[in-house]
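> Numbering-wise (the working numbering), the sequence shown opens with residue 1 and increments by one.
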Amino acid sequence: MDKHIELSYCCYEAFKVLARNYLDLESLELFGSIERLLGETNMTPADVAENLMPKSDEESAESCLKKLIEALEAAKEEARVKAEEEAKMKAEEEAKLKAEKEAKPKAEKEAKPKAEEAAKPKAEEEAKLKVEKEEKEKNESAKDEVKCTHCNGTPTKQGAKENGVIQ
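#1: Measure the C-alpha to C-alpha separation of E13 and D57 and round it to an integer number of angstroms.
#2: For L18, does the three-state DSSP call read helix, strand or coil?
#3: Quick check on the burial criterion: 16 or more other C-beta atoms within 10 angstroms. Buried or exposed for N42?
#4: Identify which residue in A49, G39 and S27 has its Cα closest to the Cα of L68.
#5: Does the segment 15-29 come close enough to the segment 60-78 to have 3 or more Cβ pairs within less than 8 Å?
#6: What are the start and end residues of the alpha helix (DSSP H) that includes S168?
#7: Can you tell which of L28, E29, L30 and A46 has the C-alpha that lies nearest to the C-alpha of E6?
#8: Rounded to whole angstroms, what's the CA-CA distance from K133 to K122? Just pull it up for me.
#9: For C64, which residues in the same chain have their Cβ closer than 8 Å to its Cβ, ignoring the five residues on either side in sequence?
#10: Cβ of L38 within 8 Å of Cβ of F15?
#11: Going straight from the alpha carbon of E92 to that of A83, what length do you get?
#12: Assign L68 to one of three DSSP states: helix, strand, or coil.
#13: Work out the CA separation of A75 and M1 for me, nearest whole Å.
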């Protein structure tokens, strides 16, 4: 099972302990620039220790400190570039959202007249069909009505029984 464990970053006091343990140094003039860079950069104690460890017996303490300074400067530059990229991505995303927001009402305004235009012929056609249907029903109703000869000309439905007889 993988677990993500967050560790703190190396501060100047932790660096001094690591320098004492790996290089037997209490202070050196390079410590000032290292202190400044550690304040500006996030680097784990493991990364600091990796840079402080001499790779061979001939490697001096000063060369290890210079290697650490280079690593801190590289980490600082990498963090700066990453922050710029994130800011650029965020700006692009905000611009995209803004453009979508502006385009949506515009598209709705354009779509509304088109939808209304498309709905007009359909509504007109439905109205015509309704009128034709009503006229047809009226005509059929009129055909069914006939004048009854036995009831003073009162209209009745065709096929109605008159005195029990269908005419």
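No residue lacks a Cβ here, since even glycine has one placed at the ideal position from N, Cα and C.
The answer reads as follows:
#1: By one-based count along the sequence shown, residue 13 stands at place 13. By one-based count along the sequence shown, residue 57 stands at place 57. Cα-Cα distance, rounded: 26 Å.
#2: Working through the sequence shown from its first residue, we reach residue 18 at position 18. Helix, per DSSP.
#3: Counted from its first residue, the sequence shown places residue 42 at position 42. Classification of N42: exposed, given that the 10 Å Cβ count is below 16.
#4: Here residue 68 is taken as the residue at index 68 of the sequence shown, counted from 1. Nearest option by C-alpha distance: A49.
#5: yes
#6: The structure shown does not extend to residue 168, since the chain is modelled only from 1 to 167, so the question has no answer here.
#7: Within the sequence shown, the letter at position 6 stands for residue 6. If we check each option's Cα against that of E6, A46 comes out closest.
#8: Locating residue 133 in the sequence shown gives position 133, where the first residue counts as 1. Locating residue 122 in the sequence shown gives position 122, where the first residue counts as 1. Distance between the alpha carbons of K133 and K122 is about 16 Å.
#9: Reading the sequence shown from its first residue, position 64 is the one you call residue 64. Result list for C64: Y22, L23, N51, L52, M53 and P54, in chain order.
#10: The count along the sequence shown starts at 1 and reaches residue 38 at position 38. The count along the sequence shown starts at 1 and reaches residue 15 at position 15. It is a contact, given that the beta carbons lie within the stated cut-off.
#11: The sequence position of residue 92 within the sequence shown is 92, counting from 1. The sequence position of residue 83 within the sequence shown is 83, counting from 1. Each residue's alpha carbon lies about 14 Å from the other.
#12: Reading the sequence shown from its first residue, position 68 is the one you call residue 68. Helix.
#13: Working through the sequence shown from its first residue, we reach residue 1 at position 1. Working through the sequence shown from its first residue, we reach residue 75 at position 75. When rounded, the distance between both Cα atoms is 30 Å.
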